Amino acid sequence: MALPAGLQRIPVSGGSLAVEVLAGTTEPVLAIHGISSHRKLWNWLKAESPDLTLVAPDLRGRADSF
Numbered sequence: 093m094a095l096p097a098g099l100q101r102i103p104v105s106g107g108s109l110a111v112e113v114l115a116g117t118t119e120p121v122l123a124i125h126g127i128s129s130h131r132k133l134w135n136w137l138k139a140e141s142p143d144l145t146l147v148a149p150d151l152r153g154r155a156d157s158f
């Protein structure tokens with residue numbers, strides 16, 4: 093399955109996780125979504141604080157992860 097531009101696929105036991113890194117000037121912040129959401133939840137945070145470097149994965153079974 094092809095990923096949208098800007099995403100990486102990280103292999104994990106039994107599948108892979110899609111991870112997006114939203115570049116900024118800070119140390120990376122890992123942004124984990126809740127059970128019924130996905131990585132795009134954090135777009136509001138990036139818009140409010142464009143200097144943040146966010147690492148936002150889709151957890152297993154959500155959006156582009158499996």
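According to the working numbering, the stretch in the sequence shown is residues 93 to 158, in order. Ideal placement from N, C-alpha and C gives every residue a C-beta, glycine not left out. Just so it is clear, the structure is predicted and the values come from calculations on it, not from any experiment.
Taking C-alpha atoms, which residue in the options lies nearest to residue i?
i	options	result
Asp156	Leu122, Ala115, Ser129 and Ser141	Ser129
Gly153	Leu109, Gly98, Ala97 and Ser105	Leu109
Have a look at residue i and residue j and give me their C-alpha separation to the nearest angstrom.
i	j	result
Lys212	Leu114	What is shown of the chain runs 93 to 158, which leaves residue 212 out entirely.
Thr118	Leu146	9 Å
Pro103	Ala148	15 Å
Gln100	Gly107	13 Å
Pro120	Leu151	18 Å
Trp134	Ile127	14 Å
Pro142	Leu122	15 Å
Along the beta strand (DSSP E) that carries residue i, what are the first and last residues, could you check?
i	result
Ala148	Thr145 to Pro149
Ala110	Gly107 to Leu114
Leu99	Leu99 to Val104
What residue range is occupied by the uninterrupted alpha helix (DSSP H) comprising residue i?
i	result
Leu137	Asn135 to Glu140
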